[in-house]
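Asker:
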Amino acid sequence: MPTTLSEQSPSQLVDRAIQENRLAHALLIHGQNLKQVEEFARELACKLMKIDLSENLEEALVRHPDVFFLRPSKKSRIISVADTRELIRKIQHSPQRGDRKVAFIFEVDRLNASAANAFLKTLEEPPLNTTILLLTTRPHSLLATIRSRCQLFRLPTSVQTFDDERAIAWLDSYRAWLSDLLEKRPGGKASVPSYVIGLYGLVERFRHTIESITKETWKTLSKQLPDDLADDERIAMESRISISLRQDFLAAIETTTEDFARGILPENPEAANKLVDSVHALENATSLLRLNMKAEAMLESFLLQSLRIWSS
């Protein structure tokens with residue numbers, strides 16, 4: 028059975044395990060927020076590698092000769108068996124600096140079947156003084172045999188907030204759209220075309236907001252990266268920014284929907300059922316992202332279902 032540490036503070040558990048030299052060789056770090064998962068893993072790796080936490084952690088880790096990274100690649104966003112075997116080869120060598128190595132596997136749920144099976148032997152017979160950090164927001168998409176060989180760290184869910192005015196404005200417009208659906212404004216059922224127009228306006232603004240914030244965030248981050256960072260690493264980092272932002276946005280959509288439903292519940296008892304249906308619709312639409320559906324197509328699917336749910 029895997030060791031689960033989800034009921035205690037992950038940071039405290041890590042610190043104590045490091046001090047007592049009993050940290051497992053493989054840690055499956057998971058939570059709903061990919062950015063939060065990655066930040067926790069970077070801080071953990073820096074503690075293991077004795078890197079000053081006041082530094083730029085990502086840059087310090089990228090530059091360290093005993094820190095290795097494996098990420099989904101190409102348009103398919105799959106971790107291939109070839110890339111997995113290359114990571115396995117690298118971590119077999121003795122450390123170049125200090126006495127420890129750390130390997131990151133980002134979005135480990137993207138391992139294809141061959142890669143996952145190739146990685147199992149390494150989990151069963153890990154290299155000496157090597158810590159493998161497996162990061163995901165979908166732990167149950169992993170093979171049970173992988174999960175069972177890892178120590179599990181579940182990060183607590185944090186409330187998703189945005190300090191970007193464009194995202195906040197989008198969520199306000201989404202709430203107003205729900206309100207119009209519920210009240211059948213303007214003009215009742217005859218106004219379905221206006222709801223659809225509003226729907227596609229939300230989809231287009233969602234796409235533009237994600238692209239704009241990603242571009243601005245990447246522009247700031249890229250200035251802090253080493254000049255010799257490989258192009259593949261840069262592409263992967265920019266992609267992770269977009270994925271993390273998208274996940275935050277979807278979580279905020281769910282929270283906004285819940286808040287809207289609670290607000291009208293006293294006057295509309297059916298709101299509870301509509302909320303349940305909406306959350307299921309969002310979960311179903313989000314699952315399409317694993318099939319590499321574009322985020323705006325996924326949102327369109329969810330909003331079309333929402334139109335039916337809230338206007339019925």
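Using my numbering, the letters of the sequence shown correspond one by one to residues 28 to 339. Ideal Cβ positions, reconstructed from N, Cα and C, are used throughout, including at glycine.
(1) What three-state label does DSSP hand Gln274 in the structure shown?
(2) Do you know how far the Cα of Gln274 is from the Cα of Ser200?
(3) Could you give the C-beta distance for Ala257 and Cys177, rounded to a whole number, given that I count them as a contact under 8 Å?
(4) My output table needs one value for Arg98: the three-state DSSP class, helix, strand or coil.
(5) For a quick check, are the C-beta atoms of Leu330 and Leu229 less than 8 Å apart?
(6) Can you say whether Gly290 is buried or exposed, counting buried as having 16 or more other CB atoms within 10 angstroms of its CB?
(7) For Leu198, which residues in the same chain have their Cβ closer than 8 Å to its Cβ, ignoring the five residues on either side in sequence?
(8) Given Trp245, which residues of its chain have a CB within under 7 Å of its CB, disregarding the five upstream and five downstream residues?
(9) Could you check what DSSP says for Gln19 in three-state terms: helix, strand or coil?
(10) Across the segment 162-169 and the segment 81-89, are there enough close Cβ pairs to call them in contact, namely three or more that are closer than 8 Å?
(11) Helix, strand or coil: which one does DSSP assign to Arg49?
(12) Whole angstroms is fine: what's the gap from Gly225's alpha carbon to Ile132's?
(13) Under the criterion of a Cβ to heavy atom distance below 7 Å, does Ile195 qualify as lining the ligand ZN?
(14) Just verifying my parser: in three-state terms, what is the DSSP assignment at Ala257?
(15) Specify the secondary structure class of Ile78 as computed by DSSP and reduced to three states.
(16) Within the continuous beta strand (DSSP E) that includes Phe180, where are the two ends?
(17) Do you know whose CA, among Leu75, Ala72 and Pro122, lies nearest Pro92's CA?
Answerer: A quick look at the data gives this:
(1) Helix at Gln274.
(2) Between Ser200 and Gln274, the C-alpha separation is close to 19 Å.
(3) Not a contact, Cβ separation roughly 28 Å.
(4) Coil, per DSSP.
(5) It is a contact, given that the beta carbons lie within the stated cut-off.
(6) So Gly290 ends up on the exposed side.
(7) Cβ within range, chain order: Phe189, Ala279, Ile280 and Thr283.
(8) Sequence-distant Cβ neighbours of Trp245 in its own chain, meaning closer than 7 Å and more than five residues away, are Glu265 and Ile268.
(9) Only positions 28 to 339 of the chain appear in the structure, and residue 19 is not among them; the question remains open.
(10) Touching, no, given that fewer than three Cβ pairs across the two stretches are closer than 8 Å.
(11) DSSP places Arg49 in coil when its eight states are reduced to three.
(12) Approximately 40 Å, taken between the alpha carbons.
(13) Ligands in the displayed structure: none, and consequently the ligand ZN is not present.
(14) Here Ala257 sits in coil by DSSP.
(15) Three-state result, Ile78: coil.
(16) Gln178 to Arg181 is the extent of the beta strand (DSSP E) around Phe180.
(17) For the residues Leu75, Ala72 and Pro122, the minimum Cα distance to Pro92 belongs to Pro122.
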